[in-house]
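Residue numbers (this note's numbering), protein chains in the order written: chain A, 2 to 352; chain B, 2 to 352.
Each residue gets a CB set at the ideal place from its N, CA and C atoms; glycine is no exception.
The structure displayed is predicted, hence computed values, not measured ones.
Inspection log for the structure reproduced underneath, given as structure tokens.
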DNA sequence: GCATCGTTGGAAACCGGTGTCAGTCTAGGC
DNA sequence: GCCTAGACTGACACCGGTTTCCAACGATGC
């Protein structure tokens with residue numbers, strides 16, 4: 002029977018005024034009201050005011066579903082991510098929403114599982130069902146070229162956030178991870194460290210290889226030769242940081258400083274050091290990357306590289322929704338600079 | 002002039018097949034196709050199969066905007082929150098999306114500023130513009146009765162998540178914070194602590210007063226008389242945890258154990274203790290609340306109360322979208338149980 | 001005075017679905 | 001064999017906007 006449910010609460014709701022109501026009360030046609038809504042230039046200012054007055058009186062709000070249908074595009078921005086770090090994801094959401102503030106766009110979130118073989122099909126179904134205005138791709142999944150091609154194929158605009166040149170500037174907002182890591186590593190060298198370990202991100206990630214490249218450039222510039230096993234691999238989680246730190250600290254000689262490719266893993270390093278009775282920074286210096294909340298909240302507060310994720314996300318969102326006619330989107334910056342934040346987890350090595 | 006932009010990428014996009022295309026190729030009417038899509042019972046199975054074959058061939062996907070317009074309801078669930086804890090918010094998003102998995106619903110996020118005088122107007126604009134299917138309200142803003150009334154007024158279903166009876170079971174998913182805190186406090190008493198401090202949440206929050214009530218019940222049951230100033234107020238942030246801990250640790254006698262009403266503040270307590278040269282748990286026992294990632298990631302790992310936020314969010318989402326005809330939503334549990342997770346931040350007081 | 005032009009506003013079609021209701025077809029009862 | 005109920009299907013209006021096309025209008029050029 003599939004009878005409509007007219008629950009008390011929905012029955013209470015007064016019928017929303019439509020464009021027809023406005024037109025009737027203002028004594029004009031729908032089209033004219035539509036022109037007012039869309040700020041068309043060819044309109045008598047007297048007529049415009051009259052319509053606007055009626056709109057205010059009625060509290061009329063255009064129905065986004067109807068507009069979406071007629072315009073053949075909706076006002077939804079998707080955020081596709083598989084980032085394991087909650088603070089990063091939330092910061093990105095914040096940045097996007099700052100950019101969307103005052104527009105008619107809304108943010109739809111879509112976490113995916115990078116390792117699932119169904120991931121691409123999942124995204125395809127999502128995109129072709131919803132016909133989003135555009136999507137933002139967060140690292141690490143933003144590095145997936147197949148995914149970007151899929152968006153293109155489905156006619157969905159996209160912007161990728163990343164740590165390197167992944168795409169052309171219209172589709173990219175990136176940060177200079179390599180230089181930032183070089184700076185951080187050089188800072189360790191300047192403090193007197195010669196035995197410096199690196200915990201890098203998983204193989205196959207541009208962010209991982211960019212950060213490693215910065216590390217190696219700084220080490221080389223300092224004339225240091227490091228054993229191969231001073232570079233350990235992690236997967237950006239706290240637990241992998243502990244494991245990688247234990248591998249490094251088991252070496253002889255062991256590193257006196259460790260650069261971890263994100264804050265979570267750096268927190269894992271501090272955790273592992275504490276478990277071994279090593280105190281930070283007296284016995285071991287640690288630097289992280291991202292400057293998420295955890296960096297400031299552990300003891301000792303973490304020296305880390307501040308990754309300007311909120312401005313990056315804001316800029317990426319503006320690229321997406323910026324009026325293409327004005328090329329406003331293209332004028333949004335595509336490269337952001339990370340910088341070292343010095344807190345208390347670094348000290349000169351003990352004599 | 003406002004010419005349509007036919008950029009190369011959108012021109013490439015093949016026109017999506019519509020219900021008319023399917024109907025024409027299958028030799029039936031639109032309505033019949035619609036019946037197939039909506040699994041209407043009164044349908045010849047032969048016809049159904051024929052239509053389904055055409056749908057598969059064409060890769061037809063119904064346009065959600067058109068459906069939303071015709072049905073006068075869209076398929077968007079809103080998440081309204083002002084929770085300061087990133088992990089909590091992301092866990093809630095995860096729980097909701099688990100419930101929405103396989104449905105046609107999408108999740109739209111909407112952070113708000115509880116302290117802004119424009120908050121209610123902001124939400125009103127959001128709800129009346131988007132006409133969401135329903136919204137989920139996260140604590141602490143879920144405790145705002147005016148907000149819930151606003152949702153009702155705008156004909157928007159809602160479910161509140163909270164720590165106490167805020168509403169009727171159809172609109173609420175809650176946890177038994179009071180009992181859980183009583184259990185945690187009793188655990189401290191059983192370890193031999195008599196000088197136990199409480200860092201409570203901000204005044205006016207049900208979660209804060211529920212947790213405080215549980216604390217006081219346990220203290221009273223143990224026959225302990227505590228000075229008034231053993232209860233300090235925080236605002237659920239890391240920094241406020243540090244400040245409150247310093248106030249408590251400045252007392253004479255100082256507490257030998259501190260219960261903090263969330264993990265962030267508990268992390269602040271550990272931080273403050275370390276700064277004072279006190280080690281946890283040898284000199285000070287600490288218990289937190291929530292069991293977010295930070296609890297396991299600091300040193301020492303935090304004993305805390307596990308708040309089953311993901312199942313709560315999942316259940317809340319099912320309440321929202323569950324078929325009202327089947328009363329499926331109402332059968333979703335409304336009360337969830339928190340329980341103590343014992344890690345390494347509690348030890349008997351030093352003789 | 002008349003043709004031309006740019007501005008303004010309306011009628012009607014359209015976007016892609018769903019609801020209503022009437023019509024066809026078949027089976028079963030008499 | 002006729003009638004009727006029930007199963008199935010389709011024609012058509014409608015959801016609330018936008019767009020196309022055209023007409024009315026006043027201003028201008030000759």
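Thinking C-alpha only, which one of B:139, B:166 and B:226 is nearest residue 177 of chain B? B:166
When B:134, B:57 and B:19 are compared against residue 323 of chain B, the one with the closest alpha-carbon: B:134
Proximity test, Cβ basis, 8 Å: residue 239 of chain B and chain A: yes
Tell me, please, which residues DSSP counts as bridged to residue 175 of chain A. A:163 and A:336
For residue 82 of chain B, which three-state DSSP category applies? strand
Below 8 Å, can you find three or more Cβ-Cβ pairs linking the segment 101-114 of chain B to the segment 75-86 of chain B? yes
Starting from residue 96 of chain B, trace the alpha helix (DSSP H) both ways and give me its first and last residue. 87-101
Check whether the segment 88-104 of chain B and the segment 32-45 of chain B are in contact - that is, three or more C-beta pairs closer than 8 Å. no
What is the DSSP secondary structure of residue 257 of chain A, counted as helix, strand or coil? coil
Does DSSP put residue 283 of chain A in a helix, a strand or coil? coil
If you draw a straight line from the C-alpha of residue 179 of chain B to the C-alpha of residue 148 of chain B, how long is it? 25 Å
With DSSP as the reference, please indicate the residues paired to residue 107 of chain A in a beta bridge. A:77
Any idea what DSSP makes of residue 329 of chain B, helix, strand or coil? Note that residue 329 of chain B scores 49 on pLDDT, short of 50, meaning its location in the model is unreliable and no value can be drawn from it.
Between residue 375 of chain A and residue 161 of chain A, is the Cβ-Cβ spacing less than 8 Å? A query on residue 375 of chain A cannot be resolved here, the shown segment of chain A reaching from 2 to 352 and no further.
Residues of chain A with CB under 9 Å from residue 109 of chain B, in chain order? 77, 107, 108, 109 and 110
Chain A contact for residue 308 of chain B (CB, 8 Å cutoff): no
Other residues of its chain near residue 342 of chain B: CB distance less than 8 Å, five sequence neighbours each side excluded: 292, 296, 304, 305, 306 and 307
As assigned by DSSP and simplified to three states, the class of residue 197 of chain A: strand
Check distances from the C-beta atoms of the segment 268-281 of chain A to those of chain B and list, in chain order, the residues that come in under 7 Å. 268, 271, 272 and 275
Give the secondary structure of residue 119 of chain A by DSSP, where H, G and I count as helix, E and B as strand, and everything else as coil. coil
Going by beta carbon distance, what residues of the same chain come within less than 8 Å of residue 344 of chain B, once the five residues before and after it are set aside? 296, 297, 301, 302, 303, 304 and 305
Would you mind telling me which residues of chain B sit closer than 7 Å to residue 62 of chain A, beta carbon to beta carbon, in chain order? 129 and 130
Within the 8 Å Cβ cut-off, does residue 341 of chain B reach chain A? no
Which word fits residue 57 of chain A, buried or exposed, when buried means at least 16 other C-beta atoms lie within 10 angstroms of its C-beta? exposed
Going by CA-CA distance only, name the one from A:340, A:268 and A:274 that's closest to residue 255 of chain A. A:274
Boundaries of the beta strand (DSSP E) in which residue 269 of chain A is found, first to last residue: Element bounds for residue 269 of chain A: not the beta strand (DSSP E) but the alpha helix (DSSP H), 264-276.
Can you give me the Cβ contacts of residue 233 of chain A inside the same chain, cut-off strictly under 6 Å, excluding the 5 residues immediately before and after it? 200, 245, 248 and 249
Tell me where the beta strand (DSSP E) around residue 307 of chain A begins and ends. 304-307
Just the Cα atoms here: how many angstroms apart are residue 349 of chain B and residue 198 of chain A? 38 Å
With a Cβ-Cβ cutoff of 8 Å, do residue 192 of chain B and residue 280 of chain B count as a contact? no
Could you tell me the alpha carbon to alpha carbon distance between residue 29 of chain B and residue 124 of chain A, rounded to whole angstroms? 31 Å
Residue range of the alpha helix (DSSP H) that residue 56 of chain B falls in? 46-59
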